[in-house]
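In my numbering, the protein residues as written are 304 to 707. Glycine included, each C-beta is placed from N, C-alpha and C at the ideal position. It should be emphasised that the depicted structure is a prediction, and the values quoted were computed from it without experimental measurement.
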């Protein structure tokens, strides 16, 4: 029987892979396996097509990307046989820990060099490091899928310290796992370099760790900035946007200033001015709904054109009814507005029923109250919301079933 060639504690590793018994038969000599047999003279591009289901164009692009990276790193060209043999080992390994072929394909597109990793020396130690903080096989597979760059960091020199720092910041292993799996922009090398000092900066400004954790789990991107730039943004949130650090809008302001240049933000303010908003109106908007200035100019124009030119709302009215400004025009406002118009015309609801009242409802509640009971608006709502009549009918039957 072939065995894993690894220097890690056998008992620990066997406990980790208890859900993957096939891995016990793993060997880096898997190129002899019939399922991955590839002729020595076959091109790496063709290999990606034949064994990972790449399109010809995608395979060529990925192969070129790999060759360019190796050239920049001063690596030797290497033989196609070496590429294919090593790729066989990596792909077999990934499948044996539970990754689907589509997941492996996505990983290779993001970072094709992963096919050149040594399974025993690189991939298995990485598994062990993450296993030690509570990652299961499925957790590990998800991490590979969303952040393959992890496998080019040293296990003990980079990964372990970064995970320990994340545990201190986020508070528990369960949340660390959740955080790593969803944070596509976060590379572990950013943790000591950017995330840690920026979190420490916010703490020095009196912001609670509970508040920081809540926001990190929602969106880490503002924290992945140069520390000096980040501190400058923190100061501007208060001084220029007028948002105190105790305000629930503080992080929305921080996102706005770390993700948009001053020139970009000013161009969006000009859009509001073009619709008759005063400097006082825009200042109120910036402090109460900074999220709006993070939208694209085109989105802002479409929303203001509909709300102000078609519905006749004034800036003072909109500023007091934030959901009219923050809800998606295409996905929420237009479908509900057009549905209510038809219901009013047919006398099913009062003419003075307000749009903003309906926008605060959940999708299921709106369907149950204003769409499902009235066949006259099924077509209107499905057309504007992009939901088929069959789904509406299914939703109706589920509603009836739950009521029963």
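One thing to note: residue 596 has its Cβ within 9 Å of the Cβ of residue 563.
Rounded to the nearest whole angstrom, the C-alpha separation of residue 352 and residue 358 is 6 Å. DSSP places residue 625 within a helical segment (H, G or I) once states are collapsed to three. Ranking 539, 501 and 541 by CA distance to the CA of residue 526 puts 501 first. Per DSSP, the continuous alpha helix (DSSP H) segment holding residue 556 begins and ends at 553-562. Short of 7 Å from the beta carbon of residue 510, and not among the five residues preceding or following it, lie these beta carbons of its own chain, in chain order: 548. Shown here, residue 666 sits in a helix according to DSSP, grouped into three states. The beta carbons of residue 662 and residue 644 sit no closer together than 9 Å. Taking the Cβ atoms as the reference, residue 478 lies roughly 7 Å from residue 520, within the contact range of under 8 Å. Contact between residue 618 and residue 580 is confirmed by a C-beta separation of about 5 Å, below the 8 Å threshold. Counted as a single uninterrupted DSSP element, the alpha helix (DSSP H) harbouring residue 642 occupies residues 637-648.
Collapsing the DSSP output to three states places residue 395 in a helix. Judged by DSSP secondary structure, residue 520 falls within the alpha helix (DSSP H) whose first and last residues are 512-521. Residue 437 and residue 461 have their C-alpha atoms some 18 Å from each other. Counting of Cβ neighbours within 10 angstroms places residue 447 among the buried residues, the total reaching 16 or more. For residue 461, there is no enclosing alpha helix (DSSP H), as DSSP marks it with neither H nor E. For residue 350, the uninterrupted alpha helix (DSSP H) segment begins and ends at 347-355. Annotation: the continuous alpha helix (DSSP H) that includes residue 569 extends over 565-577. The three-state reading of DSSP puts residue 655 in coil, since its state is none of H, G, I, E or B. In its own chain, leaving out the 5 sequence neighbours on each side, no residue places its CB closer than 6 Å to the CB of residue 573.
Between residue 651 and residue 677, the C-beta spacing is below 9 Å. Taking 9 Å as the cut-off, the Cβ atoms of residue 558 and residue 532 do not count as close. Residue 472 is positioned such that its CB atom lies no closer than 9 Å to that of residue 430. Taken atom to atom, the span from the alpha-carbon of residue 655 to that of residue 646 is near 12 Å. When the Cα atoms are used, residue 614 and residue 664 turn out to be separated by approximately 20 Å. Counted as a single uninterrupted DSSP element, the alpha helix (DSSP H) harbouring residue 428 occupies residues 427-434. In the DSSP assignment, residue 673 falls outside any alpha helix (DSSP H), carrying neither H nor E.
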